[in-house]
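Numbering (my numbering), first residue to last: 821 to 1041.
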């Protein structure tokens, strides 16, 4: 546990930083610190997996198979706030315009896939990659890349990374003040009992029409 905490402190120092936005949006440092902890945990877990099982990570830049096949991607309210902020205030053209078109199409067609997968150039990429949810950050596959329409969690569970729980718990601890839980004892209890999971929604089936409206209002200023 001491090594986990040390890695978390190191990741917090190296996390993404948006000083002006963080001063204005008090929840943003919580999200960025939590994501840095999750990323440190994934790095640790991948290293352990490759060392013990001698298998290489199949996930590579430009592979968006899991984004297109997974219809159940947990998304927490704090993560939702981060996506709204990033898309509205940080995303630039042409990615911005491409996303707005996908959001319009999703509203018309009632799609059940991730609207943030930009498949315009081959395999696809995540247009919100810096603020992608915990579930996306932790989903890693070893061996061969996913086949068309394959969800390796069900077809070859042994090739899917199992996250190190201590990192996930620490990240959720960091997030809890956003939900009004600041007392240390209450935070520990909330993580132990998995209370945050009750807040999760499903990213692919979420109604993203409001995000489109917020982006267009921002652009009209």
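We put the beta carbon where it would ideally sit given N, CA and C, even for glycine. Bear in mind the structure is a predicted one, so any value in this text is a computation, not a measurement.
In the structure shown, residue 885 adopts helical secondary structure according to DSSP, grouped into three states. Annotation: the continuous alpha helix (DSSP H) that includes residue 902 extends over 897-905. Within the segment 967-1013, the runs of alpha helix (DSSP H) that reach at least 4 residues and sit entirely inside it are, in chain order, 972-975, 985-995, 1004-1012. By the beta-carbon neighbour count (other beta carbons within 10 angstroms, threshold 16), residue 929 is exposed. In the three-state reduction of the DSSP assignment, residue 956 falls in the helix class, which pools H, G and I.
Taken in chain order, the whole alpha helix (DSSP H) runs of length 4 or more contained in the segment 828-871 are 839-844. With contacts defined by Cβ atoms closer than 8 Å, residue 877 and residue 995 do not form a contacting pair. Remark: C-beta atoms of residue 860 and residue 987 approach each other more closely than 8 Å. Residue 961 is bridged by DSSP to 980. The shortest C-alpha to C-alpha distance from residue 887 to any of 959, 1018, 1034, 1035 is the one to 959. By the C-beta density criterion, residue 902 is buried, having at least 16 other C-beta atoms within 10 angstroms. The residue from 946, 900, 1037 with its alpha-carbon nearest to that of residue 915 is 946. Two segments are said to touch when three or more pairs of C-beta atoms, one from each, lie closer than 8 Å; by this definition the segment 1008-1027 touches the segment 889-898. Between residue 1001 and residue 1010, the C-beta spacing is below 8 Å.
Bridge partners of residue 945 according to DSSP: 938. Around the beta-carbon of residue 936, 16 or more other beta-carbon atoms lie within 10 Å, marking it buried. Taking the CA atoms as reference points, residue 879 sits about 17 Å from residue 871. With contacts defined by Cβ atoms closer than 8 Å, residue 1035 and residue 846 do not form a contacting pair. For residue 911, DSSP assigns no beta-bridge partner whatsoever. The DSSP-derived three-state label of residue 950 is helix. Here residue 1023 carries a coil assignment [DSSP, helix/strand/coil].
Sequence-distant Cβ neighbours of residue 866 in its own chain, meaning closer than 7 Å and more than five residues away, are 877, 960, 981. Taking the Cα of residue 1018 as reference, the smallest distance to any Cα among 896, 852, 849, 853 is reached at 896.
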